Amino acid sequence: MEGSSGCRIERDAGQRLSAFDLPKVELHVHLDGAIKPETILYFGKKRGIPLPGDTVEDLLQHISYTEPLTLTQFLEKFSFYMPAIAGDRDAVRRIAYEFVEMKAKEGVIYVEVRYSPHLLANCKVQPVPWDQEEGDLTPDEVVHLVNQGLQDGERDFNIKARSILCCMRHMPSWSLEVVELCKKYQNNTVVAIDLAGDELLLAETFPEHRKAYEEAERCGIHRTVHAGEVGSPSVIKEAINVLKTERIGHSYHVLEDPALYRELLSRKMHFETCPWSSILTGACDPDFRKHPVIQFMNDKANYSLNSDGPLILNSTIETDYKIAKQFLDFTEEEFKRVVSCRGMFCAKLRVGA
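Quick note: the sequence shown, position 170, residue 170 per the UniProt record's numbering, numbers continuous.
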């Protein structure tokens, strides 16, 4: 497959050759962006919910892509298939279990998967997402079901799986419940809170987000924020100063503010980078040779490589490591440094040197 800069990206097919045949860690991947297409088709048929295709190939033609779009266009893809999954107990538990299975096959030994409990619910959530009819699956039970799936996957596939619960920038009314769910399930896979969505909707404008993060900090819940993906460095400053985040999701545009970048380097702030996603969402220049990860690597920044939404991006975590190796001069030594993962929210586990 050709990358946007005209470089050929060697994709996984048939007998896979790993860019680095070593255990991997992944910290930024969305559960609802990492669902098996076969599972979407199964529940669409079972529940009588129309989908844009009735075979895996047809479905993927509508929900995945390989040439750059905007972040908004990327996010619109979820509406094609989430109605088949949201609001169904078996579906929610199954996608969590199969997620762990997929990650184990990719050589991942520790993963933190994030999701919005409200976007998988159809009860006690306003508005009910994905144009569903109101049902009886609450955000609280969603977290319980995801935890079950992750724990069953851990048992069967011998990897560690932890979860991060997402607040949504456009739905501040959900945020205080999100932090309460983090508190309730803090010792049951949940390790952190996140804020995702349109970065133009600043958290300072919505006090519910700030209050949720204040409560998370008070209760010892780890904090990450999507910031600097397509937004300006000011969004990153807000994440640091207002939300007291410990990690930054994506963070590419931090380089536009050298003083802020130097400050975050000195603080060893963790940057959750997603190289392939950053190209396909238009977050970064399509020329890989100009990618921010190169600067992060040269400066020995604290960062990780992640797949973000592999279903929609038609990828795996291996795609991102192959990009890093082929185009970003990513070495095995750098791989070992990155997967030692000073950014993990699970204090009981350390990987690598």
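Every residue, glycine too, gets a C-beta built ideally from N, C-alpha and C.
Predicted, not measured: the structure shown is a model, and the values here were computed from it.
Fewer than three beta-carbon pairs drawn from the region 151-170 and the region 127-135 are found closer than 8 Å, and the two stretches are therefore not classed as touching. Straight-line measurement puts the Cα of Arg94 at about 12 Å from the Cα of Gln151. The three-state secondary structure of Lys24, taken from DSSP, is strand.
Minimum Cα-Cα distance from Leu27 among the listed residues Glu334, Val125, His253 and Phe271 corresponds to Phe271. For the pair Glu332 and Arg289, the Cα-to-Cα distance works out to about 19 Å. Put simply, the backbone Cα of Pro286 is about 8 Å away from that of Pro68. With contact defined as three or more Cβ pairs closer than 8 Å, the region 192-206 and the region 163-171 are in contact. Between Ala227 and Ser175, the gap from beta carbon to beta carbon reaches 8 Å or more. Cβ-Cβ distances below 6 Å link Pro292 to Tyr252 and Leu255 in the same chain, with the five nearest sequence neighbours on each side left out; the list follows chain order. Nearest Cα to Val56 within the set Ile312, Tyr321, Thr319 and Val338: Ile312. A direct Cα-Cα distance of roughly 11 Å separates Tyr321 from Glu106.
Taking C-beta separations shorter than 6 Å and ignoring five residues to either side along the sequence, the partners of Tyr81 in its chain run Ile40 and Ile63, following chain order. From the listed residues Thr224, Glu177 and Pro172, the smallest Cα separation to Leu202 is found for Pro172.
Across the structure, Pro310 and Glu263 are spaced so that their CA atoms are roughly 32 Å apart. Taking all protein chains shown into account, Glu38 has fewer than 16 neighbouring C-beta atoms within 10 Å of its C-beta and is therefore exposed. With a threshold of 16 other beta carbon atoms within 10 Å, Ala259 falls short and is exposed. Gly149 and Asn187 have their C-alpha atoms some 15 Å from each other. In the displayed model, Tyr321 falls within a helix according to three-state DSSP. For Ala96, the uninterrupted alpha helix (DSSP H) segment begins and ends at Arg89 to Lys105.
Apart from sequence neighbours up to five positions away, the residues of its chain that approach Phe74 with a beta-carbon distance below 6 Å are Thr281, ordered along the chain. For Gly149, the secondary structure class from DSSP, reduced to helix, strand or coil, is helix. Every alpha helix (DSSP H) of 4 residues or more that sits fully in the region 136-180 is shown, in chain order, as 139-157.
Here the C-alpha atom of Val339 lies approximately 33 Å from the C-alpha atom of Glu141. Burial check for Gly48: the Cβ neighbour count within 10 Å stays below 16, so the residue is exposed.
When DSSP states are grouped into helix, strand and coil, Ser266 belongs to the helix group.
Close CB contacts of Pro50 within its chain, under the 8 Å cut and outside five residues either way in sequence, are with Gly44 (chain order). Per DSSP, Asp58 lies in no beta strand (DSSP E) segment; the continuous alpha helix (DSSP H) that holds it begins and ends at Val56 to Ile63. Each residue's CA atom was taken as its position, placing Val235 and Glu199 some 7 Å apart. Residue burial is scored here from C-beta neighbours: Thr70 has fewer than 16 other C-beta atoms within 10 angstroms and is therefore classed as exposed. Following the DSSP letters along the chain, one finds Leu195 inside the beta strand (DSSP E) bounded by residues Val190 to Ala196. In the three-state reduction of the DSSP assignment, Phe271 falls in the strand class.
The residue among Glu318, Ala283 and Arg342 with its C-alpha nearest the C-alpha of Lys300 is Arg342. In the DSSP assignment, Asp308 is bridged to Val29. The shortest CA-to-CA distance from Val29 to any of Glu112, Phe327 and Ala86 is the one to Glu112.
For Thr205, the three-state secondary structure derived from DSSP is helix. Non-local C-beta neighbours of Ala34 in its own chain, meaning closer than 6 Å and more than five positions away in sequence, comprise Phe99, Pro310 and Leu311, ordered along the chain.
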